[in-house]
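First to last, the protein sequences are chains A and B.
Residue numbers are given in my numbering: position 141 of the first sequence equals residue 150, and the series is strictly consecutive.
Residue numbers are given in my numbering: position 158 of the second sequence equals residue 159, and the series is strictly consecutive.
Note that beta-carbon positions come from the ideal geometry of N, C-alpha and C, so glycine has one too.
Written below as structure tokens is the structure these notes are about.
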Amino acid sequence: MTTPRVGERTGRIGDSTARPDGTPKVTGAFAFSSDLYLTGMLWGVTVRAPHPRAEIHGVDVGPALAVRGVAAALTAEDVPGRAVYGLDVPDQPVLARDTVRYQGEPVALVAADHPETARRAAAEVAVDYTVLEPLTDPRRALDDGSPQLHPGGNLVRHVPIRRGDPQPTAEVVVTGEYTVGMQDQAFLGPESGLAVPAADGGVDLYIATQWLHVDRDQVAAALGLAPELVRLHLSGVGGAFGAREDLSMQIHACLLALRTGRPVKMVYSREESFFGHVHRHPAILRYEHGATREGRLVYVKAEILLDGGAYASTSQAVAGNAATHAAGPYEVPNAHVDVYALYTNNPPCGAMRGFGAVQACFGYESQMDRLAAACGLDPAEIRIRNAMREGSAAITGQVLDFPAPVAELVRRVRDRPLPPQRSTDLRAMPGGVGGTTHGEDVVRGVGYGVSIKNVCFSEGFDDFATARVRLEVTGGEPVATVFTAACEVGQGLVTVQEQVVRTELGVDRVMIAPADTSVGGAGSSSASRQTYMTTGAVRAACAKVRDRLAGRDPASLGDEVIDATVEWRHRPTSPLDPVTGQGFAHVQYAFAAHRAVVDVDLGLGLVKVVELATAQDVGKAVNPLAVAGQIHGGSAQGLGLALMEEIQVRDGEIVNPSFTDYLIPTVLDMPPMSLDVLELADPNAPYGVRGVGEPPTISSTPAIVAAVRAATGRNLNRVPVRPEHITAEGLSVEAGR
Amino acid sequence: MRVELTVNGEPQVADDVWEGESLLYVLRERLGLPGAKNACEQGECGSCTVYLDGTVVCACLVAAGQAEGAEVVTVEGLADGDALDPVQRAFLDAGAVQCGFCTPGLVVAVHDLLARTPDPAEADVREALAGNLCRCTGYEHILAAVRLAAERGGEGRS
Chain A
10 MTTPRVGERT
20 GRIGDSTARP
30 DGTPKVTGAF
40 AFSSDLYLTG
50 MLWGVTVRAP
60 HPRAEIHGVD
70 VGPALAVRGV
80 AAALTAEDVP
90 GRAVYGLDVP
100 DQPVLARDTV
110 RYQGEPVALV
120 AADHPETARR
130 AAAEVAVDYT
140 VLEPLTDPRR
150 ALDDGSPQLH
160 PGGNLVRHVP
170 IRRGDPQPTA
180 EVVVTGEYTV
190 GMQDQAFLGP
200 ESGLAVPAAD
210 GGVDLYIATQ
220 WLHVDRDQVA
230 AALGLAPELV
240 RLHLSGVGGA
250 FGAREDLSMQ
260 IHACLLALRT
270 GRPVKMVYSR
280 EESFFGHVHR
290 HPAILRYEHG
300 ATREGRLVYV
310 KAEILLDGGA
320 YASTSQAVAG
330 NAATHAAGPY
340 EVPNAHVDVY
350 ALYTNNPPCG
360 AMRGFGAVQA
370 CFGYESQMDR
380 LAAACGLDPA
390 EIRIRNAMRE
400 GSAAITGQVL
410 DFPAPVAELV
420 RRVRDRPLPP
430 QRSTDLRAMP
440 GGVGGTTHGE
450 DVVRGVGYGV
460 SIKNVCFSEG
470 FDDFATARVR
480 LEVTGGEPVA
490 TVFTAACEVG
500 QGLVTVQEQV
510 VRTELGVDRV
520 MIAPADTSVG
530 GAGSSSASRQ
540 TYMTTGAVRA
550 ACAKVRDRLA
560 GRDPASLGDE
570 VIDATVEWRH
580 RPTSPLDPVT
590 GQGFAHVQYA
600 FAAHRAVVDV
610 DLGLGLVKVV
620 ELATAQDVGK
630 AVNPLAVAGQ
640 IHGGSAQGLG
650 LALMEEIQVR
660 DGEIVNPSFT
670 DYLIPTVLDM
680 PPMSLDVLEL
690 ADPNAPYGVR
700 GVGEPPTISS
710 TPAIVAAVRA
720 ATGRNLNRVP
730 VRPEHITAEG
740 LSVEAGR
Chain B
2 MRVELTVNGE
12 PQVADDVWEG
22 ESLLYVLRER
32 LGLPGAKNAC
42 EQGECGSCTV
52 YLDGTVVCAC
62 LVAAGQAEGA
72 EVVTVEGLAD
82 GDALDPVQRA
92 FLDAGAVQCG
102 FCTPGLVVAV
112 HDLLARTPDP
122 AEADVREALA
132 GNLCRCTGYE
142 HILAAVRLAA
152 ERGGEGRS
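Have a look at this one:
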């Protein structure tokens, strides 16, 4: 890929086309879900349980209803339809009735004419709790003495993988135990939406989400309405990163709107947002790698515990991903992997960018560095020696029938020139503008990380996307309009759809209709899948339009309108064998490699990432500027997990639910990021595309930690790395774990 | 209470303002100007950055009453009709916009930075924008947008 030039845009596949929503976003005119307004609307607020585990004996909303300006106060008794919801397992109450399973669980709802009135009234709702001892240690979730949090027990899913020799031996063996903290997606646009009751007894919900149809189905079930009476319209989405795959306020706002007969808006505060969506699963990973003296992998053994928290969300699929990616992008003939996703009374965990592959990658990449040290090899060299390539078999037995340039990606980042030794600008030192050092005690390190990530939904899921394309002449010019339910969450999907139509139909004027549930489902904007899937669907719909055009010039259509809808699928995948974990589970893999250079202040334990180089194969860069943006942003989130981002949970309670205490990288934390983008087409994918969004999030974390280890000599078995893990006192902290 | 202020050059009156309301709430919910965003309500993210009497502030931290009689400029007031401000243009051309939630605050912050320092060094840009969080871009294209706007500003002056 060449670096996109400013102003270079013809608007087709491969061009850095400008976003159609760009101008409203820079002028402030773009309507995010929190910007919606209707005259006479009410504000909805959630009453949340303060305890991670409790019994509820009664909820009295009377005092809230007595507050002037309050229009409604609802409890579990007011849910007319299905009382529970969930993406894979409907185990989460719309409103808690008898039992509280995590701190912040919704118990009641209040609607009032001013948000402050609603908040004050919500504080008046009286809930009679008996507080119980929470189960907060996932290692104890399956113990006999632990409370059973759900009727089926505390195991959400166990995924075993058994491949090759069950009792392999090797010349070099390294072991390690690693911990990954709970990361938050921390999108900037809080959960929000506007529910508007309709004359037909249904409801229209304007909402920021990743997956309109699955939201619709869950909302309709809870409301006891036919799905066609629940119409979802995508509103402006202020980032997603997995946190909008589960419901938050969708059902709640609709319940209040239908009860009051008035539009109801709900907007979470930042604090509520930390309780209002699922997080990245914290993980405990035990690894054993065996290799020859030359550093060739003989076996990988892994046991990974994923703390799913109080409800299932997507834990089943996250466990499947952690298992199938447990050995990383490396060839290994023997594997013995067990992944357990568990219920606890911690905050519910589910989808976040990287989805199970992030946790595994910190484990296997830490192990690859240990193995390199044990074999006396350079960290890049041991990765190149074991790198998967086209034709390699994964530990699931799946043979990679597409380009897999893992070794090349490692070489690309390794062979980049290193940044200059030391900046003279004190702001570039660890501690930055804090001015905490003039360079004394500062040491430098270099580290590598390589990721593998499945693209699209896996394990036999019926994964499809729908697109409708209409071609007509308007104002003497041919115009194509695209209708989908595919969610633009910031990644640039609306631009991509325009590019596909221009490429396929040769029509310059392309309109992207607002996404809603009036067309068929598009699946989620997650799993790095939406460009792959909706590109496939829009291209197929264009092909149908082209067929009907039968060679005519689109401008000659006159009054004729050509309208075509296609439901498009990627090639099918298979479930994993429940005993061996073998199977063709993933339609595609994507790969990225990072090299991190860090400076570390040994005295204070502060880290400055000096440079982050990424090499990634994207199959085909549909929009090179947007691809670069995805890689930069993904790498930044991985840096956050490496060095600062953690929801800290004590006894089941979140202690840092704010941007003051939950730190995400600022522009001062981010280093210059150089990119090397490969475009090796996947023959199975539309235009050869490969999902882009997740791989950079996965491998930047271990690369940065490896660089800190190289600089400091510390083991650093946990992310995020904290200053006390690096300073001298950190040695005892680490030894004690 | 009643709050009277000037926003983007227009006199505005907000009635029935509760004393605890912020300038951000008044702009967004009472004056129909939702361009400034609410993402943290505690001055950490910069999404609500606006000019208050010529100084950039987090509108979430300004009580509505403090804005009485003030001149406020929001992101909605930067373009001249359909002609975008050079900072807005640069954000589009450099690919600095993804989800766009941080964009209004950053556009105002960069507008202020370049008005004070037309050709800032990168370290100065980073320091100036450290109060504006972005979760999508990793800031790389935002920095490119600042450079682009600065270059074009330089061309405009020469």
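Straight across, the Cα-Cα distance linking threonine 574 (chain A) with glycine 245 (chain A) is about 25 Å.
In the structure shown, the three-state DSSP call for alanine 549 (chain A) is helix. Legend: CB atoms of the region 33-55 of chain A lying less than 9 Å from CB atoms of chain B belong to residues Pro33, Lys34, Val35, Thr36, Gly37, Ala38, Phe39, Ala40, Phe41, Ser43, Asp44, Leu45, Tyr46.
Interface annotation for the region 428-439 of chain A against chain B: Ser432, Asp434, Arg436, Ala437, criterion Cβ-Cβ distance under 9 Å. Distance from the CA atom of aspartate 174 (chain A) to the CA atom of leucine 315 (chain A), rounded to whole angstroms, is 26 Å.
Against chain B, the CB of methionine 682 (chain A) has a partner CB under 7 Å away; the residue lies at that interface.
At a cut-off of 7 Å between beta carbons, leucine 151 (chain A) makes no contact with chain B. If you ignore the 5 residues before and after glutamate 72 (chain B), its C-beta comes within less than 6 Å of the C-beta of Thr7, Asp54, all in its own chain and listed in chain order. If you draw a straight line from the Cα of glutamine 591 (chain A) to the Cα of alanine 326 (chain A), it is about 15 Å long. In this structure, the straight-line span from the alpha carbon of histidine 298 (chain A) to that of glycine 456 (chain A) is close to 19 Å.
For asparagine 343 (chain A), the uninterrupted beta strand (DSSP E) run begins and ends at 343-351, by DSSP. In this chain, the alpha helix (DSSP H) harbouring glycine 31 (chain A) covers 31-36. Flagged as an interface residue toward chain A: glutamine 89 (chain B), by a C-beta distance shorter than 7 Å.
One Cα belongs to glutamine 157 (chain A), the other to cysteine 358 (chain A), and the distance between them is close to 18 Å. C-alpha of glutamate 186 (chain A) to C-alpha of alanine 311 (chain A): approximately 10 Å in a straight line. Listed along chain B is no residue with a C-beta nearer than 8 Å to that of threonine 218 (chain A); the closest approach is about 13 Å. By the C-beta density criterion, leucine 134 (chain B) is buried, having at least 16 other C-beta atoms within 10 angstroms.
Within the DSSP secondary-structure output, glutamate 5 (chain B) pairs in a beta bridge with B:Val14. Look at glycine 67 (chain A) here: in three-state DSSP terms it is strand.
With fewer than 16 other beta carbons inside 10 angstroms of its own, threonine 433 (chain A) counts as exposed. Looking only at A:Gln192, A:Leu96, A:Ala58, the smallest Cα-Cα distance to tyrosine 671 (chain A) is reached by A:Gln192. Short of 6 Å from the beta carbon of glutamine 407 (chain A), and not among the five residues preceding or following it, lie these beta carbons of its own chain, in chain order: Phe593. Excluding sequence positions up to five before and after glycine 329 (chain A), its CB lies within less than 6 Å of the CB of Val168, Glu468, all in the same chain and listed in chain order. Using a Cβ distance threshold of 7 Å, glycine 529 (chain A) and threonine 138 (chain B) do not count as a contacting pair. For isoleucine 673 (chain A), the C-beta contacts it makes with chain B under 7 Å involve Leu134, Arg136, in order along the chain. The beta carbon of valine 76 (chain B) sits closer than 7 Å to some beta carbon of chain A. Around the beta carbon of arginine 723 (chain A), a 10 Å sphere encloses 16 or more other beta carbons of the protein chains shown; the residue is thus reported as buried. Between the C-alpha atoms of glycine 400 (chain A) and alanine 605 (chain A) there is a straight-line separation of about 29 Å.
DSSP links glycine 202 (chain A) through a beta bridge to A:Ile216, A:Met275.
Contact check between the region 714-734 of chain A and the region 606-620 of chain A: three or more CB pairs, one atom from each, fall below 8 Å, which counts as touching. For the region 181-211 of chain A, the residues whose beta carbon sits under 7 Å from a beta carbon of chain B are, in order, Ala195, Phe196, Leu197, Gly198, Pro199. The region 60-76 of chain A and the region 211-229 of chain A do not touch, with fewer than 3 CB-CB distances between them shorter than 8 Å. With a cut-off of 8 Å on Cβ pairs, the region 492-507 of chain A is in contact with the region 542-554 of chain A, counting three or more such pairs. In this structure, glutamate 481 (chain A) sits away from valine 348 (chain A), with a CB-CB distance that is not shorter than 7 Å. For proline 388 (chain A), the enclosing alpha helix (DSSP H) starts and ends at 388-395. Leaving aside the five residues that flank leucine 514 (chain A) on each side, the residues in its chain whose CB is nearer than 6 Å to its CB run, in chain order, Ala489, Cys551.
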